[in-house]
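Each step along the sequence shown adds one to the number in the UniProt record's numbering, with nothing skipped, and position 188 is 188.
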Amino acid sequence: GTLLSNHRDWDASALVPHYKRKEDMPLSVQKWFPRRHQLLSLYDHGCLLDEVGWFSITPEKIADQIAERCRCDVVLDAFCGVGGNAIAFARTCERVIAIDNSSVRLALARHNAAIYGVADRIEFILGDYISFARSYAQLVSGSRQQRKIDVVFLSPPWGGPEYNKPAETETNTGERAAYRLDAVGPVHGKELFDLSRQITPNVAYYLPRHVDLTEVGALLDKDGGETVEVEEEWMGNRLTAVTCYFGGLAEGQEHLF
Ligand code: MGP
Numbered sequence: 001g002t003l004l005s006n007h008r009d010w011d012a013s014a015l016v017p018h019y020k021r022k023e024d025m026p027l028s029v030q031k032w033f034p035r036r037h038q039l040l041s042l043y044d045h046g047c048l049l050d051e052v053g054w055f056s057i058t059p060e061k062i063a064d065q066i067a068e069r070c071r072c073d074v075v076l077d078a079f080c081g082v083g084g085n086a087i088a089f090a091r092t093c094e095r096v097i098a099i100d101n102s103s104v105r106l107a108l109a110r111h112n113a114a115i116y117g118v119a120d121r122i123e124f125i126l127g128d129y130i131s132f133a134r135s136y137a138q139l140v141s142g143s144r145q146q147r148k149i150d151v152v153f154l155s156p157p158w159g160g161p162e163y164n165k166p167a168e169t170e171t172n173t174g175e176r177a178a179y180r181l182d183a184v185g186p187v188h189g190k191e192l193f194d195l196s197r198q199i200t201p202n203v204a205y206y207l208p209r210h211v212d213l214t215e216v217g218a219l220l221d222k223d224g225g226e227t228v229e230v231e232e233e234w235m236g237n238r239l240t241a242v243t244c245y246f247g248g249l250a251e252g253q254e255h256l257f
């Protein structure tokens, strides 16, 4: 039987195809087929991705690296998608809270986590992270007892697969503009950060490789004395993305944890 046989009711195979040939995939995501085992090394065991999942999942080795840096008791994955990061977190953290606003992707994430044998350590929550964060912050300020969350991981929508295609005005001048945080969804990237910091100072923020680092630095209060650490994530010879570590996750700031 498959690795899923212990969790038959979590089998989401009916929701999307498990592609075995590039030609069967939507054109927009075919480029990922040759790289499928970099995304999920157990892909051949029946892992499932929808279109958004294909172009936005964190490649497994990068997810493992981030999870190592975020090692803690309870981590919250605010936009879990098809589960790449949540699976990695389940190997370094006691509990993973994985939120997504797509019921299909949440089902795919649980399916994939079951293949990796870690579904039991992940709490899957269907919902909108922004509302979750707002009500959590309100409860905290009302000093009502909250369940502790040690680390928040943010891997939000960057604006679709075309996030790195230069605008026409840029193509004309041959210049490549930096990625601005206002292109992050579902709210401005700064608002997303500020909301998350009301939950915990320890935030890891996964962003495009050409993100405007001045803007990232400006997320922090100038006189607060805190610094951010930016980690480049390379896959072979391609810079894939950057992860920005805040609070106790940044090197030299462990005391903030
Ligand atoms: P990419 O830039 O689309 O691919 O995505 P590639 O092949 O590196 O670049 P290309 O220009 O040569 O085509 C690189 C990585 O960014 C993906 O593997 C995902 O991990 C991540 N990623 C891409 N998108 C569009 C998103 C997104 O919307 N949200 C998040 N969180 N990650 C994304």
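Don't be surprised by glycine CBs; every beta carbon is placed ideally from N, CA and C.
For the options Gly46, Arg35, Tyr206, Gly185, the alpha carbon positioned closest to that of Arg110 is the one of Gly46. Taking 8 Å as the cut-off, the C-beta of Thr214 does not count as close to any heavy atom of the ligand MGP.
Between the ligand MGP and the CB of Trp158, the shortest heavy atom gap is smaller than 8 Å. Distances taken from the Cβ of Ala137 to the heavy atoms of the ligand MGP include none shorter than 8 Å. Closest in alpha carbon position to Asp100, among Arg91, Asn85, Ala114, Cys93, is Asn85. Remark: three or more beta-carbon pairs, one from each stretch, lie closer than 8 Å, so the stretch 10 to 29 and the stretch 38 to 57 are flagged as touching. Cβ-Cβ distances below 7 Å link Tyr129 to Ala78, Phe79, Ile99 in the same chain, with the five nearest sequence neighbours on each side left out; the list follows chain order.
Nearest neighbour of Lys20 by Cα position, chosen from Asp9, Phe33, His255, turns out to be Phe33. In the structure shown, Val52 falls within a helical segment according to DSSP collapsed to helix, strand and coil.
Where Ala63 is concerned, the enclosing alpha helix (DSSP H) starts and stops at 60 to 69.
In this structure, the ligand MGP has no non-hydrogen atom nearer than 8 Å to the beta-carbon of Lys61. Among the bridge pairs identified by DSSP, Ala98 is matched with Asp77, Phe124.
Of the residues assessed, Val140 falls on the exposed side of the cut-off, its CB having fewer than 16 other CB atoms within 10 angstroms.
In this structure Pro201 is not in contact with Phe153, their Cβ atoms being roughly 14 Å apart against a cut-off of 8 Å. Counting only the Cα atoms, Tyr206 lies some 10 Å from Glu232. Contact between Asp212 and Tyr163 is ruled out by a C-beta separation of about 13 Å, above the 8 Å threshold. Taking a C-beta distance under 9 Å as the contact criterion, Ile87 and Tyr116 qualify as a contact pair. Straight across, the Cα-Cα distance linking Gln38 with Ser56 is about 13 Å. Annotation: Met25 to Ala167 spans about 27 Å, alpha carbon to alpha carbon. Excluding five sequence positions before and after His18, the CB atoms of its chain that fall closer than 7 Å to its own CB belong to Gly46, Leu48, given in chain order. One alpha carbon belongs to Arg35, the other to Asp223, and they sit about 44 Å apart.
If you look at Tyr136, you'll find it in the alpha helix (DSSP H) that goes 129 to 141. Boundaries of the beta strand (DSSP E) harbouring Leu154: 151 to 154, taken from the DSSP string. One Cα belongs to Pro186, the other to Val75, and the distance between them is close to 21 Å.
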